[in-house]
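Colleague: In this text, residue positions in the sequence shown follow our numbering: the first is 11, and each later residue adds one.
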Amino acid sequence: MNNIFRITGIALVIFFGVFSISTSLANESQNNVAHDEHSHEHEKSTKEPAHDHDHADDKGNSPEKRAVEEEAHEEGISLSTEKIKLAGIKIEELLPKKHLNTVYAPGEVKANGYKSYIVSPRTDSVVINRHASLGDHVKSGQKLVTLFSEMMAQTQADFLIASSNWKRAKKLGSNNISERALVEAENIYKGVYGKLVAFGLTKQAIDKISQQDNATFGQYALVAEREGVVLQDDFMQGQRIEAGETIMLLADETDLWVEANVPPNKSLNLALGSPALIDLNGVKYRANVIQEAHTINPITRTRTVRLSVTNTGHKLHSGMFVKVYFQFESSNEVIAVPEAALIRSSDGDWAVFIEEHPNEFKAVEVTRGQSFGEYREVIGIEAGTKVVTQGAFFVASEIAKGGFDPHNH
Numbered sequence: 011m012n013n014i015f016r017i018t019g020i021a022l023v024i025f026f027g028v029f030s031i032s033t034s035l036a037n038e039s040q041n042n043v044a045h046d047e048h049s050h051e052h053e054k055s056t057k058e059p060a061h062d063h064d065h066a067d068d069k070g071n072s073p074e075k076r077a078v079e080e081e082a083h084e085e086g087i088s089l090s091t092e093k094i095k096l097a098g099i100k101i102e103e104l105l106p107k108k109h110l111n112t113v114y115a116p117g118e119v120k121a122n123g124y125k126s127y128i129v130s131p132r133t134d135s136v137v138i139n140r141h142a143s144l145g146d147h148v149k150s151g152q153k154l155v156t157l158f159s160e161m162m163a164q165t166q167a168d169f170l171i172a173s174s175n176w177k178r179a180k181k182l183g184s185n186n187i188s189e190r191a192l193v194e195a196e197n198i199y200k201g202v203y204g205k206l207v208a209f210g211l212t213k214q215a216i217d218k219i220s221q222q223d224n225a226t227f228g229q230y231a232l233v234a235e236r237e238g239v240v241l242q243d244d245f246m247q248g249q250r251i252e253a254g255e256t257i258m259l260l261a262d263e264t265d266l267w268v269e270a271n272v273p274p275n276k277s278l279n280l281a282l283g284s285p286a287l288i289d290l291n292g293v294k295y296r297a298n299v300i301q302e303a304h305t306i307n308p309i310t311r312t313r314t315v316r317l318s319v320t321n322t323g324h325k326l327h328s329g330m331f332v333k334v335y336f337q338f339e340s341s342n343e344v345i346a347v348p349e350a351a352l353i354r355s356s357d358g359d360w361a362v363f364i365e366e367h368p369n370e371f372k373a374v375e376v377t378r379g380q381s382f383g384e385y386r387e388v389i390g391i392e393a394g395t396k397v398v399t400q401g402a403f404f405v406a407s408e409i410a411k412g413g414f415d416p417h418n419h
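1) Within 10 angstroms of the Cβ of Ser220, are there 16 or more other Cβ atoms? Answer buried if so, exposed if not.
2) If we require 3 or more residues per run, which beta strand (DSSP E) segments fall completely within the segment 290-366?
3) Just the Cα atoms here: how many angstroms apart are Val388 and Ile306?
4) When we look at the beta-carbon of Phe331 and count the other beta-carbons within 10 Å, is it buried (16 or more) or exposed?
5) Take Val376 and list the residues in its own chain whose beta-carbon comes closer than 7 angstroms to its own, dropping the five residues that flank it on each side.
6) Rounded to a whole number of angstroms, what is the C-alpha to C-alpha distance between Gly283 and Lys93?
7) Going by beta-carbon coordinates alone, are Ile216 and Leu206 separated by less than 8 angstroms?
8) Can you check which of these residues, His304, Ala179, Gln301 and Ser159, is closest to Ala253 by C-alpha distance?
9) Per DSSP, what are the beta-bridge partners of Phe169 in this structure?
10) Count the C-beta pairs between the segment 256-272 and the segment 160-180 that are closer than 8 angstroms, then say yes if the count reaches three, no if not.
11) With a 10 Å radius around its C-beta and 16 neighbouring C-beta atoms as the bar for buried, classify Tyr124 as buried or exposed.
12) Among Pro274, Ala286 and Lys325, whose alpha-carbon lies nearest the alpha-carbon of Ile309?
13) Is it true that the CB of Pro131 sits closer than 8 angstroms to the CB of Gly228?
14) Is the distance from the Cβ of Ala261 to the Cβ of Ser150 below 8 angstroms?
15) By a C-beta neighbour count over all protein chains shown, 10 Å radius and 16 as the cutoff for buried, is Ala410 buried or exposed?
16) On the DSSP bridge list, what partners appear for Gln400?
17) Measure the alpha-carbon distance for Leu182 versus Thr156 and round it to whole angstroms.
18) Smallest Cα separation from Lys107: which of Phe403, Tyr385, Glu408 and Ser407?
19) So that I know if they touch, is there some Cβ in chain B lying closer than 8 angstroms to that of Glu194?
20) Between Val398, Gln337, Ala97 and Asn185, which has its C-alpha nearest His109's C-alpha?
21) With a threshold of 16 other CB atoms inside 10 Å of the CB of Gly117, please say whether the residue is buried or exposed.
22) Can the beta-carbon of Thr399 be found closer than 8 angstroms to that of Val347?
23) Cβ of Val240 within 8 angstroms of Cβ of Asp146?
24) Under 7 angstroms Cβ to Cβ from Phe404, same chain only, skipping five residues before and after it: list those, please.
25) Which same chain residues, not among the five before or five after His324, have their C-beta less than 7 angstroms away from its C-beta?
26) Output yes or no for whether 8 angstroms exceeds the beta carbon distance between Leu154 and Val129.
27) When you compare each of Arg236, Leu144, Glu103 and Glu366 to Gln242 by their alpha carbons, which one comes out closest?
28) Just the C-alpha distance for Asp415 and Val315, rounded to the nearest angstrom, thanks.
29) In the DSSP assignment, find the unbroken alpha helix (DSSP H) run with Tyr230 in it and report its ends.
30) Taking only three categories from DSSP, how would you classify Val113?
Here it is, written out as structure tokens:
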């Protein structure tokens with residue numbers, strides 16, 4: 011019996027010992043869990059401010075905004091002042107203004123008909139000698155060609171007789187001959203003298219007729235009536251030239267005509283004095299409208315607009331084909347850039363380079379508007395924007411190389 015009580019007591023002691031140990035372990039586990047949760051919350055609270063700092067800088071800009079700005083900045087390029095100067099890059103602040111709109115028409119340079127002179131014999135003649143050639147610049151009164159004419163020889167002989175009779179009649183006077191004979195001698199002299207003038211002889215040449223010998227009788231010279239350039243001399247020595255046939259053409263090339271061929275259905279509303287540009291292989295000349303034809307050319311089916319142009323540098327010559335650009339002022343003020351300032355972007359759109367910061371350039375897409383000759387209206391940039399108007403190709407080449415430091419480091 012005592013043994014049973016002893017065994018029972020031992021079992022109760024073991025039971026209570028195990029229960030005490032289990033309770034202690036459970037409490038310790040619960041405390042550890044609570045401690046871990048508290049530690050995790052503390053760590054979370056300390057990390058969250060750092061996370062907020064990653065999403066906003068001192069100025070309150072988010073990382074997304076800074077990334078966009080940085081990406082936009084890296085789209086451009088920075089160039090040194092020396093490189094900009096060497097490349098000839100020109101930057102202009104664009105402001106709206108009125109530009110001249112242009113209309114193209116093909117044209118041909120012609121001699122100024124109001125300042126040209128045709129050299130031709132007034133009687134059938136034979137060319138004895140030439141004194142000027144094609145392209146020569148001649149002065150007024152300069153000898154051009156010597157001719158021979160049977161009619162001239164006869165007229166010169168008649169002049170010598172008429173001149174002698176008139177001198178004798180004047181010497182005798184009205185006291186020795188009748189008034190009728192005196193008037194008749196004078197009129198015959200004047201008639202022959204006028205005939206020689208009609209043949210193209212000058213006063214000096216007529217006065218020298220009496221000094222001519224038999225070998226040169228019948229010869230006479232045609233002289234330049236005005237200063238100009240010989241534009242035509244299609245004849246040879248010994249050739250017989252009929253009366254009125256052109257021997258030479260003289261023209262003043264300081265002031266020429268340009269005849270533009272305009273389609274009949276194109277309404278230009280050109281007034282006298284309207285401005286135009288003449289383009290000869292890239293060289294520009296200013297011209298003004300002086301005449302506009304109201305009839306249609308039956309061959310070209312165009313109407314002619316005649317312009318007057320000052321031949322600066324004497325580069326224009328009769329017969330040259332040129333480009334004519336009639337100019338009209340735009341009705342509204344627009345922003346326009348030189349055609350050379352426009353480039354193609356990577357996606358095929360048109361763009362210009364703008365300077366947002368000193369020596370930093372960025373491509374901005376624009377829409378092209380109407381043409382104004384060498385200028386083109388651009389839509390998409392604000393007034394006052396600084397745009398590369400010269401050297402855009404160089405800037406595009408530097409960007410294409412990719413070996414630049416956009417931050418100028």
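Glycine is no exception: its CB is placed at the ideal position from the N, C-alpha and C atoms.
Modeller: The answer reads as follows:
1) Here Ser220 is exposed. Its C-beta has fewer than 16 other C-beta atoms within 10 Å.
2) Those beta strand (DSSP E) runs which fall completely within the segment 290-366 and span 3+ residues are 293-302, 313-320, 331-339 and 346-348.
3) For Val388 and Ile306, the distance between alpha carbons rounds to 38 angstroms.
4) Here Phe331 is exposed: its Cβ has fewer than 16 other Cβ atoms, across all protein chains shown, within 10 Å.
5) The answer, listed in chain order, is Trp360, Ala361, Val362, Val388, Ile389, Gly390 and Ile391.
6) If I take the Cα positions, the gap works out to 45 angstroms.
7) Yes, the pair counts as a contact, with Cβ atoms nearer than the cut-off.
8) Of the candidates His304, Ala179, Gln301 and Ser159, the one whose C-alpha sits nearest the C-alpha of Ala253 is Ser159.
9) According to DSSP, which records beta bridges pairwise, Phe169 is partnered with nothing at all.
10) No, because fewer than three Cβ pairs between the segment 256-272 and the segment 160-180 fall closer than 8 angstroms, the two stretches do not touch.
11) Burial state of Tyr124 is exposed, judged by a 10 Å Cβ sphere holding fewer than 16 other Cβ atoms.
12) Per the Cα distances, Pro274.
13) For Gly228 and Pro131, no; Cβs fall outside 8 angstroms.
14) No, the pair does not count as a contact, with Cβ atoms beyond the cut-off.
15) Residue environment: Ala410 is assigned as exposed (fewer than 16 neighbouring CB atoms within 10 Å of its CB, all protein chains considered).
16) Bridge partners of Gln400 according to DSSP: Lys100.
17) Between Leu182 and Thr156, the C-alpha separation is close to 38 angstroms.
18) Here the closest residue by C-alpha is Tyr385.
19) Here there is only one protein chain, and chain B is not present.
20) The option with the nearest alpha carbon to His109 is Gln337.
21) Result: buried.
22) Yes, Cβ-Cβ distance for Thr399 and Val347 is below 8 angstroms.
23) Their beta carbons are under 8 angstroms apart, which means Val240 touches Asp146 by this criterion.
24) Scanning its chain for C-beta atoms nearer than 7 angstroms, with the 5 sequence neighbours on each side dropped, one finds around Phe404 the residues Ala97 and Ile99, in chain order.
25) Taken in chain order, the residues that qualify are Glu263.
26) Cβ distance < 8 angstroms, so Leu154 and Val129 count as in contact.
27) The shortest Cα separation from Gln242 among Arg236, Leu144, Glu103 and Glu366 belongs to Leu144.
28) Low confidence applies here, because Asp415 scores a pLDDT of 42, under 50, leaving its location unreliable and the question unanswered by this model.
29) Where Tyr230 is concerned, there is no enclosing alpha helix (DSSP H), although the beta strand (DSSP E) it sits in stretches over Gln229 to Val233.
30) Reduced to three states, the DSSP call for Val113 is strand.
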